[in-house]
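Comments concern the structure below.
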Amino acid sequence: MSYLVLGVMSGTSLDGIDLALCNFELHREAWAFQIVAAETFGYSEEWYNRLENAHRFTAFDFIQLHNQYGRFTGQLINRFLDGRPKPQLIASHGHTIFHQPEKKLTFQLGNGSVIAAETGIDTVFDFRNLDVALGGQGAPLVPMGDRLLFANYDYCLNLGGFANISFENEGKRLAWDISPVNIVLNYYARKAGLQFDLDGNLGSAGQINDLLLNKLNQLDYYQQTHPKSLGREWIETVMLPLIESHSLSLNDVLATLYEHIGTQIGMTLSGEKRQVLVTGGGAKNSFLLRKISKYAECKLIVPDDLIVDFKEALIFAFLGLLCYNGKPTALSSVTGASCDNISGTLVRFKPDKCH
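In my numbering, the protein residues as written are 47 to 401.
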């Protein structure tokens, strides 16, 4: 059985919206995949500002933005699919605005019903809310895809807005957010007029501040056991105030952050013969990889650019397919929910019923 699915992903670092048209085939009980086509659409300044400030909107304006972003996403999909085969299904993660699972709250912007109406294609969205309602973190969800699509690696490490890890332990999949990565690195790079810190050039020019480094490494989050996950709120209320309480140059802040990230990831990885699949935007930052290698004995494996750039979009396409077929998308061993669950909302589009 073969399925053609479009995965849509917008990460917390706001570097754009990823679209990946993926083919999945089930051979007995093993899944094979191919990324047929993929593209990243950068956000305009207007969309960047709207998404960055959405958590401050009034209720009415927020719901309106939810629908507008769904229409925007649907229009991008139509543009992307022009001249390409039509998928059976769209799986859209949306853009996370709120993530406070301790309050039973998570919200991903981008109304999937509007996406389905705009494209005329069945759409799965809202991948996290059921898991949160069941007492889980609603994150990370990628480990289900790691287990079924990338089982030949000991660890799967994603370096996106946040670093998250996924691996098998005594027959269970374990995963959690390790630390912030691009969400804070990009925040400070933008203060220098850059979208991101290319190859860590800003950070490598700075000096590590040991006082700040020690305070960062002692933050309560790092003492918690999994399941656990991070969101924008934690960055704004915990990490940034701590950093800003130290009068450091931009380069010194970034140098300290790189050391902090490398330390936290290195402490999570273990075993010099272990193979680690490294993906996400941070996998292209050579300075960041050197910092991780400084503290980790494992072998870091950076795959081809398609996997590096579009692994999350690929996996959400796969999660959409699992949801479509009534299979679990979220693992309780990862999220802490009361049970494995089929987290995701399916909108079936029937064009013959519309007129």
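Glycine included, every Cβ here is placed at the ideal spot set by N, Cα and C.
Which partner residues of Asp223 appear in the DSSP bridge assignment? Reading the sequence shown from its first residue, position 177 is the one you call residue 223. According to DSSP, Asp223 bridges with Asn210.
Can you tell me which of Glu358, Val230, Lys274 and Ile307 puts its alpha carbon nearest to the alpha carbon of Ser59? Numbered from its first residue, the sequence shown carries residue 59 at position 13. Taking only the C-alpha atoms, the option nearest Ser59 is Val230.
Same chain only: Cβ atoms within 6 Å of Asn232, ignoring 5 sequence neighbours per side: In the sequence shown, the residue the question calls residue 232 occupies position 186. Around Asn232: Ser59 and Phe242.
Own chain, CB closer than 8 Å to Tyr49, minus 5 neighbours either side, in chain order: If you number the sequence shown from 1, residue 49 lands on position 3. Cβ within range, chain order: Asn69, Phe70, Glu71, Gln134, Leu135 and Leu367.
Quick check on DSSP: helix, strand or coil for Thr152? To locate residue 152, count along the sequence shown from 1; it is residue 106. Strand.
Where the alpha helix (DSSP H) containing Asn204 begins and where it ends: Translated into positions along the sequence shown, residue 204 becomes position 158. Not the alpha helix (DSSP H): Asn204 falls in the beta strand (DSSP E), residues Tyr201 to Leu205.
Does the separation of the CB atoms of Val380 and Ile347 fall below 8 Å? Sequence index remark: in the sequence shown, residue 380 carries index 334 (1-based). Sequence index remark: in the sequence shown, residue 347 carries index 301 (1-based). Taking 8 Å as the Cβ cut-off, Val380 and Ile347 do not qualify as a contacting pair.
What does a CB cutoff of less than 6 Å around Val188 pick up in its chain, not counting 5 residues either side in sequence? Locating residue 188 in the sequence shown gives position 142, counting from the first residue. The beta carbon of Val188 lies closer than 6 Å to those of Ile361 in the same chain, with the five residues before and after it left out.
Looking only at its own chain, which residues have a Cβ that is under 7 Å from the Cβ of Ile353, when we skip the five neighbours before and after it? On the sequence shown, residue 353 is found 307 positions in, with the first residue counted as 1. These residues qualify, in order along the chain: Thr325.
Flag this pair as yes or no: are the beta carbons of Asp172 and Gly158 separated by less than 8 Å? Within the sequence shown, the letter at position 126 stands for residue 172. Within the sequence shown, the letter at position 112 stands for residue 158. In this structure, Gly158 lies closer than 8 Å to Asp172 by Cβ.
Nearest residue (CA-CA) to His402, options His272, Leu262, Ile211 and Ile311: Given a span of 47 to 401 for the chain in the structure shown, any question on residue 402 remains unanswerable.
I'd like to know whether the C-beta atoms of Arg117 and Val160 end up nearer to each other than 8 Å. Here the question's residue 117 lines up with position 71 in the sequence shown. Here the question's residue 160 lines up with position 114 in the sequence shown. Result yes, Cβ atoms of Arg117 and Val160 sit closer than 8 Å.
Would Ser295 be called buried (16 or more neighbouring beta carbons within 10 Å of its own) or exposed? Taking the first residue of the sequence shown as position 1, residue 295 is located at position 249. The residue in question, Ser295, is exposed, as its Cβ has fewer than 16 Cβ neighbours within 10 Å.
Between which two residues does the alpha helix (DSSP H) containing Asn175 stretch? Taking the sequence shown and counting its residues from 1, the one referred to as residue 175 is at position 129. Element bounds for Asn175: Asn175 to Ala179.
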